[in-house]
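Structure, as structure tokens:
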Amino acid sequence: MTVALSGKDIASKLEERFPGSVVESSQACVLIKPDSLLEVAAFLKDTPELNFDYFNYVTAVDYFQYFEIIYQLTSLEHNHSLVFKARCYDRENPAVPSVVELWQGADFQEREIYDLMGIRFEGHPNLKRIFLWEGFQGYPLRKDFL
Amino acid sequence: MAIETREMALKTEPFVLNFGPVHPSTHGVYRMRTTLDGEVVLDIEPVFGYLHRGIEKLAEQRTFTGFIPLTDRLDYISSMSNNLAYCLAVEKLAGIAVPERAEYIRVIIAEMQRIANHLIAVGSFLNDCGAYFTPFLYMFRERERIVDLFEMVSGQRLLYNYMRIGGVSQDLPDEFLPALRKLLDLMPSYIGEYERLLKDNEILQARARGVGILTQETAVNCGISGPVLRSTGYRWDWRRADPYSIYDRFDFDIPVGVQGDCYDRFRVRIEEMTQSLRIIEQAIKDLPSGPVQADVPHLIRPPVGEAYAHIEAPKGELGFYLVSDDSVAPYRCHVRPTSLINLTALREMVRGWKVADLIIIFGSIDITLGEVDR
């Protein structure tokens, strides 16, 4: 059975290593500041006892006040998983760092979020619309798109 | 007169060939912009979106139950698995327990679906290899029997809409188990037939052995799952690693490949069919009686929250991420698309191979465009 690691435990580890990187944490997940997302992700991937080598998925939800980006990781070696999130409060030009250089599996998924939710992933090697055509107006998965 | 040799030298340059979206070897409306040097593939750029229907957005305007028929339209080759993954996610979100008999029926149906999917995957792969339609029709002969059984339980032959939140839509009819028994008795000899015809086939070996090698490291880093991951030798199956439904009760092996080439992907799928038969045998033996549907209201309103449930679908990890805001419709519904993510490594797999190899490497990944584009 894949063990879901406690967000609180991970948060205390992260606070120790990168002070100020965690916004809040619960049993189910850790909420991370977008600025420190990339170094936190690299830490989660490269620390031997965590070893999150497999990237399950990334998706985004529009909560009007902010966009929430949800990442789920699994370590195939230890068979444990973790959910971490980041929030973007800027509605005009939301952006978070891209994790493609760590997990190539994020490539198409980040492009999909950019296409349908309008969140830019900074550092993505090929950030273009994936399903809709260039020039399409608006981002369909946003709640204000009708 | 001196001959101007320099003038006569052939000038070559890479050229771009547009592959698809309407091409029999792309298994749907997939398009690749391939850059070729003669017949050698230098690079490909996948182009998606020809079958994009906005299914995730449509979910937000439907009730939780009303979305089940749309999940059929994701990976339409294995609709039952999509139904199952979605229902598991809603059940996790709303905390609904499923009756024992329904769990067994789900496992039987899901494993039959795996066999049906792999039959098509292997058949169309052989088609791409040049064994034009003969093996494909052999495989369709068996798939037809499975589809007949699905028609018995659901009334449909492609988009079944059979699973429900908290169970399945109806109990197995009386004729189902005897017909399934007949299939289970025949299936091993059919699989033996494929092995005799194909396993040691010289042409298949020449076309597929050592072609399109995917390393373990790349596969894991690209988030690849299912038979494609297992073909690299990585023994990882969500049924074993994170058992959902009642998979922890069954005894089965996880077949793996040796070096992650096209031939391994083909072998893993054939061996998985045998393992699925084993699971079905065990499930029929223990099939309890009782209700097949939990007591759930017609309009399900899960409490505020979020849930992610995933299954080992025939093609890999298929998951649904749902957010509820205490209304009758999901606030957000995200599908983790196996087919899309499994294509991530295609570019690395095909570089340096010939156009004819590109087609079989692509075919060996086994994708459905309904799930890629959604």
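Protein chains in written order, with the working numbering: chain A, 316 to 461; chain B, 2 to 375. Just so it is clear, CB atoms sit at the ideal spot from N, CA and C, and this is done for glycine as well.
Please report how far the alpha carbon of L431 (chain A) lies from the alpha carbon of P338 (chain B), in whole angstroms.
-> Counting from one through the first sequence, the residue named residue 431 (chain A) turns up at place 116. Counting from one through the second sequence, the residue named residue 338 (chain B) turns up at place 337. Going from the Cα of L431 (chain A) to the Cα of P338 (chain B) covers about 15 Å.
Member of B:G224, B:V99 and B:S290 whose CA lies at the smallest distance from the CA of R165 (chain B) | Along the second sequence, one-based indexing puts residue 165 (chain B) at 164. Closest in alpha carbon position to R165 (chain B), among B:G224, B:V99 and B:S290, is B:V99.
In angstroms, rounded to a whole number, what distance separates the CA positions of M81 (chain B) and G50 (chain B)?
-> What you label residue 81 (chain B) is simply residue 80 of the second sequence in a count that begins at 1. What you label residue 50 (chain B) is simply residue 49 of the second sequence in a count that begins at 1. Their backbone Cα atoms lie some 24 Å apart in a straight line.
How do the region 403 to 412 of chain A and the region 382 to 393 of chain A stand: do at least 3 beta-carbon pairs fall below 8 Å, yes or no?
-> Yes, the region 403 to 412 of chain A touches the region 382 to 393 of chain A.
Would DSSP call C130 (chain B) helix, strand or coil?
-> As a working note, residue 130 (chain B) is residue 129 in the second sequence. Three-state result, C130 (chain B): helix.
Comparing the C-beta of G320 (chain B) with each C-beta of chain A, is any distance below 8 Å?
-> Locating residue 320 (chain B) in the second sequence gives position 319, counting from the first residue. True, the Cβ-Cβ gap to chain A drops below 8 Å.
Exposure label - K316 (chain B); buried when at least 16 CB within 10 Å = Position 315 of the second sequence holds residue 316 (chain B). Buried, because 16 or more other Cβ atoms sit within 10 Å of the Cβ of K316 (chain B).
What's the call for V305 (chain B), buried or exposed, on a 16-neighbour Cβ count within 10 Å?
-> Working through the second sequence from its first residue, we reach residue 305 (chain B) at position 304. V305 (chain B) is exposed by the Cβ-count criterion.
Please name the residue, chosen from B:R333, B:T13, B:Y105 and B:S79, that lies closest to A308 (chain B) on a Cα-to-Cα basis.
-> What you label residue 308 (chain B) is simply residue 307 of the second sequence in a count that begins at 1. With distances taken between Cα atoms, A308 (chain B) lies closest to B:R333.
For Y332 (chain B), three-class secondary structure by DSSP = On the second sequence, residue 332 (chain B) is found 331 positions in, with the first residue counted as 1. DSSP places Y332 (chain B) in coil when its eight states are reduced to three.
CA-to-CA distance, K400 (chain A) to D172 (chain B), given in whole angstroms = Residue 172 (chain B) sits at position 171 when you count from the first residue of the second sequence. Residue 400 (chain A) sits at position 85 when you count from the first residue of the first sequence. Answer to the nearest angstrom: the Cα atoms are 41 Å apart.
Who are the near neighbours of I347 (chain A) in its chain, counting only those whose CB is closer than 8 Å to its CB and skipping five residues on each side?
-> In the first sequence, the residue the question calls residue 347 (chain A) occupies position 32. Cβ neighbours of I347 (chain A) beyond the five flanking positions: L329, S336, V337, V338, V355, F399, K400 and A401.
Of the residues A:L461, A:Q342, A:V373 and A:R426, which one's Cα is nearest the Cα of W448 (chain A)?
-> Numbered from 1 along the first sequence, position 133 holds the residue referred to as residue 448 (chain A). Comparing Cα-Cα distances from W448 (chain A) to each of A:L461, A:Q342, A:V373 and A:R426, the minimum goes to A:R426.
Candidates B:S328, B:L341 and B:P136: closest to L300 (chain B) by CA position = Counting from 1 along the second sequence, the entry for residue 300 (chain B) is found at position 299. The shortest CA-to-CA distance from L300 (chain B) to any of B:S328, B:L341 and B:P136 is the one to B:S328.
Residues of the region 235 to 269 of chain B with Cβ closer than 7 Å to any Cβ of chain A, in chain order = Listed by position along the chain: W237, A242, D243 and P244.
If you measure from the beta carbon of N202 (chain B) to each beta carbon in chain A, is any gap under 8 Å?
-> By 1-based counting over the second sequence, the position of residue 202 (chain B) is 201. No - not a single Cβ of chain A is within 8 Å of the one on N202 (chain B).
By DSSP, does N222 (chain B) sit in helix, in strand, or in coil?
-> Residue 222 (chain B) sits at position 221 when you count from the first residue of the second sequence. Residue state for N222 (chain B) is assigned as helix, using DSSP reduced to three classes.
Between which two residues does the alpha helix (DSSP H) harbouring V267 (chain B) extend?
-> Here residue 267 (chain B) corresponds to residue number 266 of the second sequence, with the count starting at 1. Per the sequence shown, residue 267 (chain B) should be read as Phe rather than Val. In this chain, the alpha helix (DSSP H) harbouring F267 (chain B) covers C263 to D287.
Among the residues of its own chain, which have a CB less than 8 Å from the CB of A375 (chain A), if the five just before and after it don't count?
-> Locating residue 375 (chain A) in the first sequence gives position 60, counting from the first residue. The answer, listed in chain order, is F382, E383, I384, I385, I428, M432, I434 and L456.
For V411 (chain A): DSSP bridge partner residues = Taking the first residue of the first sequence as 1, we reach residue 411 (chain A) at position 96. DSSP, once it has assigned bridges, lists A:F436 as partnering V411 (chain A).
With a CB to CB cut of under 6 Å and the five nearest residues on each side skipped, what residues in its chain are close to I445 (chain A)?
-> To locate residue 445 (chain A), count along the first sequence from 1; it is residue 130. Closer than 6 Å at Cβ, skipping near neighbours: R426, E427 and D430.
Determine the direct distance from the alpha carbon of F363 (chain B) to that of P15 (chain B), and round the result to whole angstroms.
-> Numbered from 1 along the second sequence, position 14 holds the residue referred to as residue 15 (chain B). Numbered from 1 along the second sequence, position 362 holds the residue referred to as residue 363 (chain B). Each residue's CA atom was taken as its position, placing P15 (chain B) and F363 (chain B) some 21 Å apart.
Put T389 (chain A) into one of helix, strand or coil per three-state DSSP.
-> Looking up residue 389 (chain A) in the first sequence gives position 74. Of the three classes helix, strand and coil, the one that applies to T389 (chain A) here is strand, per DSSP.
Strand pairing of A401 (chain A), partner residues [DSSP] = For this step, residue 401 (chain A) is matched to residue 86 along the first sequence. Partner residues in the beta bridge of A401 (chain A), as assigned by DSSP, are A:I347 and A:I384.
S82 (chain B) - partner residues in DSSP beta bridges = Here residue 82 (chain B) refers to the residue found at position 81 when the second sequence is read from its first residue. In the DSSP output, where bridge partners are listed per residue, S82 (chain B) has none listed.
Chain-ordered neighbours of I376 (chain A) on chain B, where CB pairs are closer than 7 Å | Counted from its first residue, the first sequence places residue 376 (chain A) at position 61. Reading off the sequence shown, one finds Val at residue 376 (chain A), where the question assumed Ile. Those within 7 Å of V376 (chain A) in chain B are V324 and R333.
CA nearest to the CA of D149 (chain B), picked from B:I110, B:A103, B:P136 and B:C130 | Working through the second sequence from its first residue, we reach residue 149 (chain B) at position 148. Considering only alpha carbons, the answer is B:I110.
Does DSSP put T135 (chain B) in a helix, a strand or coil?
-> On the second sequence, residue 135 (chain B) is found 134 positions in, with the first residue counted as 1. Reduced to three states, the DSSP call for T135 (chain B) is helix.
Give the range of the alpha helix (DSSP H) segment to which E331 (chain A) is assigned.
-> Start at 1 with the first residue of the first sequence, and residue 331 (chain A) comes out as number 16. Looking at the DSSP string, the run of the alpha helix (DSSP H) that includes E331 (chain A) is G322 to R332.
L397 (chain A) to N366 (chain A) span [Cα, whole Å] | Reading the first sequence from its first residue, position 82 is the one you call residue 397 (chain A). Reading the first sequence from its first residue, position 51 is the one you call residue 366 (chain A). Their backbone Cα atoms lie some 11 Å apart in a straight line.
Contiguous beta strand (DSSP E) assignments of at least 3 residues, all confined to the region 48 to 83 of chain B | The qualifying runs do not exist here; there are none.
Is the beta carbon of G213 (chain B) less than 8 Å from the beta carbon of S365 (chain B)?
-> Sequence index remark: in the second sequence, residue 213 (chain B) carries index 212 (1-based). Sequence index remark: in the second sequence, residue 365 (chain B) carries index 364 (1-based). Contact flag set, yes.
Given that H53 (chain B) touches chain A, what residues does it touch there, using C-beta distances under 8 Å?
-> Taking the first residue of the second sequence as 1, we reach residue 53 (chain B) at position 52. Within 8 Å of the CB of H53 (chain B), the CB atoms of chain A belong to F446 and L447, in sequence order along the chain.
Give the C-beta separation of G167 (chain B) and A295 (chain B) to the nearest angstrom, bearing in mind that I take them to be a contact with Cβ-Cβ under 8 Å.
-> Within the second sequence, residue 167 (chain B) is the residue found at index 166, counting from 1. Within the second sequence, residue 295 (chain B) is the residue found at index 294, counting from 1. Indeed they touch by this definition, with Cβ atoms about 3 Å apart.
Considering only residues of the same chain and omitting the five flanking positions on each side of Y372 (chain A), which have a CB-CB separation below 7 Å?
-> Against the first sequence, residue 372 (chain A) aligns to sequence position 57. So the list reads Q387 and Q424, once near-sequence residues are dropped.
Do you know whose CA, among B:M140, B:V30, B:L120 and B:R210, lies nearest D358 (chain B)'s CA?
-> Here residue 358 (chain B) refers to the residue found at position 357 of the second sequence. That would be B:R210, whose Cα lies nearest to the Cα of D358 (chain B).
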